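The structure appears below as structure tokens.
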Amino acid sequence: MATNRTYNFKAMLAENRKRMAWLIDEDTYDPVTGKGSEIPRFELKLDHEHTIWLPEKMKQEPILEEILKFRTFREYVIEQEKQKGDHELTFEYCNKKFRYAVYALQKLRGKYDFEYWGYTCVKIEDKQSSVLVPFRLRKAQRIILKVLEEERAKGTPIYVILVKARQFGGSTLIQIWMMWIQSVLHENWHSSIVTEVETQALRVLRMYRIAAENYPLAMGTITLGSFEGSNKNRIVKERGSVISIGSMAKPNSLRSANNYLVHCSEVGLWVKTEGKSPEDLVQTLLGSLSKTKDAAFILESTAKGVGNFFHKTWTENTLFRKVFIPWFQIDMYVLNLDNKKEFIDTWDDEEWALWEKGATIQGINWRRKELAAFGGDKWRFGSEYPATPEEAFSATGDKFYSPLLLEEHKKFACAPLYKGNVYGRATEKKEAFMDLRFEGNPLAQDNCLYAWSLPEADDKIADRYIVTVDIGGEGERADYSTINVIDRIGLLEGGGLERAATWRGHIDQTSLAWKAAQIAEFYGRALLVIECNSLDKEENEGTEGPHFLTVIDAISPYYDNIYKRRRSERSKNQRTNLYGFHMNKQTKQAVMDIKKRYMENFMYIEYDERALHEAALMERREGGVIANVVGKGNHDDIEVPTATAIYVSENHMELPRKLMPYHAPVNTRGALMASI
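In my numbering, the protein residues as written are 3 to 678.
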């Protein structure tokens, strides 16, 4: 649906021209001269007519210090010949010596300038014509190269994880870059190419072989031979570097590898099978990597869903530097159009969001046409051509929230101001609510309260807070229990809701209930909503039901502001009040739909990054079921009770209202320390 936005068309056109010039830079980027490279460079005049730009790191060569003392490289060459004094410096002689010197300089340059070496020494197959062409890096490839070279400059092993779109050459760049390190920089620099199945790895090796067979004789030779009789593994004869082939399907061939370079391709396809797991294989490969300068370990793939090994590595493993290239930074994904003003007037919110992220008008036009080819399936399109990492990791079902919407909400996410716990004189009964205080602990992780705001002692607002509880388990492998505190004060001025605090951890159900009641009391005697399922006695044998009722019986005499639902009593056909919010397929759909509406209209602001991570995992499956994507470590224990809080707030609570001062015995001892 088009949005009625006001905009400055001329300003947009000017900005769009800049973006297109940056993206399609055939006239401004030249790998031979070095102009337009993403790599830091310095200018060197060869003579009065020709200039090249060399990588800054090339200055470490002693000869460059001498060359840069002269206005041009030609003057340096002539001065060297003068000092020899063994030949008449005729014009023809100087030209000849200058050409030889330029050739020597460019050969030395190949050790420092991958882009120059790739264009002048490497041939690859053009994907459209299958004709061999020089390896000229696309804009997106140069962005990745910049990261690789930044990491290499640190002098420590390189660890990179790349999430890529389809068909822009990310895998090609990585393999040719590793070939450069093996064939130009080092000898005996062994590598492994690892894919889902060996045929994929052999295709990557074929690219290496084509480049080797067409390597210019002036630069030397690269000859691949079989290694120790293997019909898969190869050795670069001139350099002694072994290239091993392996796969997720047959990992044992890589057990004894001694690597300096590891290229794991299409890792999103790697799945666990009996006796084999991606985690084990990658751990083995990491153990095989020499921990030295110019060693590299790179994982790359198009994303294939959430909850798998590749997704968890992207979200959780801090060893790897993350690299993501959105589709609108890939030069082939543009489509020209004539009437740009008319087109912009039809943009919907997602298209405007793409513009704000840096997409071009031609790129958005391409997306619209390509999306039609996907039958309008935005999630399938997003997994192939992602604009954000969240889009890249699309699930097999329909994403419940738009990834672009969640990207906007991430702007509000921030670290909690306080970490700690709420305490009373005791942990149970009447004394649990006496002398309530917040004690800060900045090092706390789980089983603690993350707070973005604390209640004020003179709070005069009734029905300001709602607290919802999701019951998990005690063991470390069990689901988390959570206590979610939502602040409704925005409703006083026609605004919305926002998170005040989150408690998350593993705890027994009785202790959880008392902790939740303490937090609810602390936050202005908030309405306490505890999720319960199958509380009918005949339905809950062997479940949490009877224990839930025991817990309610324990806390209700001391804390009476507990949510009660209503249902028809079967035997008496009359209404009766029941403690707890009963979550089933119907109520879950209702609470999730309301939360989605609040998120889309920014009527709910989420500060907890963990909650937004869970929101990104929600999908709508066949039959309308709304659930988080199946996968180890995937949770919805913050997402769902938050939705419950919004639902209850809208349907079962009065608007917040100003009252006489509420004299809560609040003591935030330690809170300042926790916020530092």
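No residue lacks a Cβ here, since even glycine has one placed at the ideal position from N, Cα and C. On a predicted model such as this, the values are computed, not experimentally measured, just so you know.
Between the CA atoms of residue j and residue i - distance to the nearest angstrom
{"i": "leucine 70", "j": "arginine 382", "result": "54 angstroms"}
{"i": "tyrosine 262", "j": "lysine 239", "result": "17 angstroms"}
{"i": "phenylalanine 44", "j": "tryptophan 55", "result": "5 angstroms"}
{"i": "tyrosine 525", "j": "proline 457", "result": "6 angstroms"}
{"i": "arginine 567", "j": "threonine 197", "result": "54 angstroms"}
{"i": "asparagine 630", "j": "phenylalanine 604", "result": "22 angstroms"}
{"i": "histidine 411", "j": "tyrosine 606", "result": "10 angstroms"}
{"i": "asparagine 449", "j": "glutamate 476", "result": "11 angstroms"}
{"i": "alanine 203", "j": "threonine 158", "result": "26 angstroms"}
{"i": "leucine 494", "j": "alanine 251", "result": "60 angstroms"}
{"i": "histidine 665", "j": "aspartate 465", "result": "In this predicted model, histidine 665 has a pLDDT of only 45, less than 50, meaning its place in the structure is not dependable enough to derive any value."}
{"i": "serine 249", "j": "serine 290", "result": "15 angstroms"}
{"i": "methionine 22", "j": "tyrosine 217", "result": "34 angstroms"}
{"i": "tryptophan 316", "j": "glutamate 372", "result": "27 angstroms"}
{"i": "methionine 620", "j": "lysine 587", "result": "15 angstroms"}
{"i": "tyrosine 420", "j": "aspartate 562", "result": "28 angstroms"}
{"i": "leucine 15", "j": "tryptophan 357", "result": "12 angstroms"}
{"i": "phenylalanine 72", "j": "valine 34", "result": "22 angstroms"}
{"i": "glutamate 656", "j": "isoleucine 468", "result": "11 angstroms"}
{"i": "tyrosine 210", "j": "glutamine 177", "result": "7 angstroms"}
Residue from the options whose Cα sits closest to the Cα of residue i
{"i": "glycine 422", "options": "Lys412, Gly474, Lys86, Lys517", "result": "Lys517"}
{"i": "leucine 406", "options": "Ala415, Leu419, Ala389", "result": "Ala389"}
{"i": "threonine 223", "options": "Glu302, Val186, Asn190, Pro57", "result": "Val186"}
{"i": "alanine 453", "options": "Phe435, Gly426, Ile485", "result": "Ile485"}
{"i": "asparagine 653", "options": "His637, Ala106, Ile640, Phe583", "result": "Phe583"}
{"i": "leucine 530", "options": "Phe229, Pro643, His508", "result": "Pro643"}
{"i": "serine 228", "options": "Leu219, Gly242, Ala220, Met221", "result": "Gly242"}
{"i": "lysine 166", "options": "Tyr425, Lys306, Val273, Ser131", "result": "Lys306"}
{"i": "methionine 436", "options": "Gly87, Gln520, Gln130", "result": "Gln520"}
{"i": "aspartate 32", "options": "Lys20, Gly120, Tyr95, His89", "result": "Gly120"}
{"i": "arginine 506", "options": "Ser132, Thr470, Gly496", "result": "Thr470"}
For residue i: DSSP bridge partner residues
{"i": "tyrosine 467", "result": "Asp489"}
{"i": "histidine 584", "result": "Cys534"}
{"i": "glycine 507", "result": "Ser483"}
{"i": "asparagine 630", "result": "Met620"}
{"i": "tyrosine 606", "result": "Leu499"}
{"i": "histidine 654", "result": "Histidine 654 pairs with nothing; no bridge assigned."}
{"i": "valine 162", "result": "Ile300, Arg323"}
{"i": "proline 57", "result": "Arg43"}
{"i": "serine 243", "result": "Val238"}
{"i": "serine 249", "result": "Thr197"}
{"i": "lysine 12", "result": "Answer is none; lysine 12 lacks a bridge partner."}
Sequence-distant residues of the same chain with beta carbon closer than 7 angstroms to residue i, five excluded per side
{"i": "alanine 417", "result": "none"}
{"i": "lysine 408", "result": "According to the sequence as given, residue 408 is leucine; it is not lysine. Excluding sequence neighbours, leucine 408 sits near Glu392, Leu614, Ala617, Ala618."}
{"i": "valine 553", "result": "Gln511, Thr512, Ala515"}
{"i": "lysine 660", "result": "Lys462, Ile463"}
{"i": "lysine 99", "result": "Val79, Glu83"}
{"i": "proline 658", "result": "Ile463, Ala464, Asp465, Arg466, Arg490, Ile491, Leu493, Leu494"}
{"i": "lysine 324", "result": "Ile163, Trp316"}
Close Cβ partners of residue i (< 8 angstroms) along its chain, the five nearest in sequence each way excluded
{"i": "glutamine 331", "result": "Leu25, Lys141, Ala142, Ile145, Gly360"}
{"i": "leucine 147", "result": "Glu40, Ile41, Phe116, Glu117, Leu139, Leu175, Trp179"}
{"i": "leucine 287", "result": "Ser194, Val196, Leu256, Ala259, Asn261, Val264, Cys266, Phe299"}
{"i": "alanine 155", "result": "Lys59"}
{"i": "leucine 91", "result": "Ile80, Glu83, Lys84"}
{"i": "tryptophan 182", "result": "Phe116, Trp119, Gly120"}
Closer than 6 angstroms: residue i CB and nearest the ligand MG heavy atom
{"i": "asparagine 190", "result": "With respect to the ligand MG, the structure shown offers nothing to examine, as it has no ligands at all."}
Where the alpha helix (DSSP H) through residue i begins and ends
{"i": "lysine 314", "result": "311-318"}
{"i": "phenylalanine 93", "result": "93-111"}
{"i": "phenylalanine 440", "result": "No alpha helix (DSSP H) holds phenylalanine 440; the beta strand (DSSP E) holding it covers 439-442."}
Enclosing beta strand (DSSP E) for residue i [first to last residue]
{"i": "histidine 50", "result": "First-last for histidine 50: undefined, no H or E at that position."}
{"i": "arginine 622", "result": "620-622"}
{"i": "threonine 197", "result": "193-197"}
{"i": "glycine 422", "result": "420-425"}
{"i": "lysine 324", "result": "323-326"}
{"i": "glycine 365", "result": "No beta strand (DSSP E) contains glycine 365, which is instead part of the alpha helix (DSSP H) from 363-375."}
{"i": "histidine 265", "result": "263-267"}
{"i": "cysteine 450", "result": "450-453"}
{"i": "lysine 125", "result": "125-127"}
{"i": "glycine 227", "result": "226-228"}
Own chain partners of residue i with C-beta closer than 6 angstroms, once the 5 adjacent residues on each side are dropped
{"i": "isoleucine 126", "result": "Phe137"}
{"i": "phenylalanine 376", "result": "Arg382, Phe383"}
{"i": "lysine 342", "result": "Ile363"}
{"i": "aspartate 610", "result": "Arg501, Thr504"}
{"i": "serine 292", "result": "Tyr262"}
Any chain C beta carbon closer than 7 angstroms to residue i
{"i": "asparagine 97", "result": "The structure shown has no chain C; it contains just one protein chain."}
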